[in-house]
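J.: Here you go, one structure.
In our numbering, the protein residues as written are 126 to 268.
In structure tokens, the structure reads:
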């Protein structure tokens, strides 16, 4: 699988850009969230975090930069996803393009609006909602 981002050193050697397996709690007067760097398997991280949210879920695909330069950017939201199996199957079916293409964001939310997980085009995951539950998941993944 191709990496989403690469960088070049002073000798023009290319390497995969990697945040490492880290997270940071960000608190403002408007929100509290986790900012998560995941070295790889970002969809798996999102799926494990999404287990902290009650169904039904939804997926929002935000196309920021269309491939052809002509098509408009846009938002595409799924109908309610009632089962965990359907959520997992959908995201695993599209794992490679989601993890390797830097032209979109992918959100997982739920109907209760008590949590939101955003995988942004810069390879960072933002998690809003049950922060303590999310942190337990991340610690279990050695973040």
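Quick reminder that beta carbons are idealized off the backbone N, C-alpha and C, glycines included. Here the structure is a predicted model, which is why all the values come from computation and not from measurement.
Are the beta-carbon atoms belonging to residue 146 and residue 227 less than 8 Å from one another?
T.: As a first step, residue 146 must be located in the chain shown, where it is residue number 21. As a first step, residue 227 must be located in the chain shown, where it is residue number 102. The answer is no: Cβ separation not under 8 Å.
J.: Candidates 230, 207 and 173: which alpha carbon is nearest residue 259's?
T.: Your numbering for residue 259 matches position 134 in the chain shown. Among 230, 207 and 173, the Cα nearest to that of residue 259 is on 173.
J.: Rounded to whole angstroms, what is the Cα-Cα separation between residue 218 and residue 241?
T.: Position 93 of the chain shown, counting from 1, holds the residue named residue 218. Position 116 of the chain shown, counting from 1, holds the residue named residue 241. Taking the straight line joining both Cα atoms gives about 21 Å.
J.: Tell whether a beta-carbon distance below 8 Å holds between residue 230 and residue 246.
T.: By 1-based counting over the chain shown, the position of residue 230 is 105. By 1-based counting over the chain shown, the position of residue 246 is 121. Result yes, Cβ atoms of residue 230 and residue 246 sit closer than 8 Å.
J.: Quick check on residue 253: does DSSP put it in helix, strand or coil?
T.: The sequence position of residue 253 within the chain shown is 128, counting from 1. Three-state DSSP puts residue 253 in a strand.
J.: What are the partner residues of residue 141, as DSSP defines its beta bridges?
T.: What you label residue 141 is simply residue 16 of the chain shown in a count that begins at 1. According to DSSP, which records beta bridges pairwise, residue 141 is partnered with 131.
J.: Within its chain, find whatever has a CB closer than 6 Å to the CB of residue 201; leave out the 5 residues flanking it on each side and keep chain order.
T.: Taking the chain shown and counting its residues from 1, one reaches residue 201 at position 76. Closer than 6 Å at the Cβ level, and outside the excluded window around residue 201, lie 186.
J.: Quick one: what's residue 242 bridged to in DSSP?
T.: If you number the chain shown from 1, residue 242 lands on position 117. In DSSP, residue 242 forms a bridge with 233 and 252.
J.: Helix or strand or just coil, what does DSSP make of residue 266?
T.: For this step, residue 266 is matched to residue 141 along the chain shown. The answer is coil: DSSP assigns residue 266 none of H, G, I, E or B.
J.: For the region 246-255 and the region 163-173, state whether three or more C-beta atom pairs, one from each stretch, are separated by less than 8 Å.
T.: Result yes; three or more Cβ-Cβ pairs closer than 8 Å.
J.: Would residue 154 and residue 181 qualify as a contact pair, given that the criterion is a beta-carbon distance under 8 Å?
T.: Taking the first residue of the chain shown as position 1, residue 154 is located at position 29. Taking the first residue of the chain shown as position 1, residue 181 is located at position 56. Their beta carbons are not under 8 Å apart, which means residue 154 does not touch residue 181 by this criterion.
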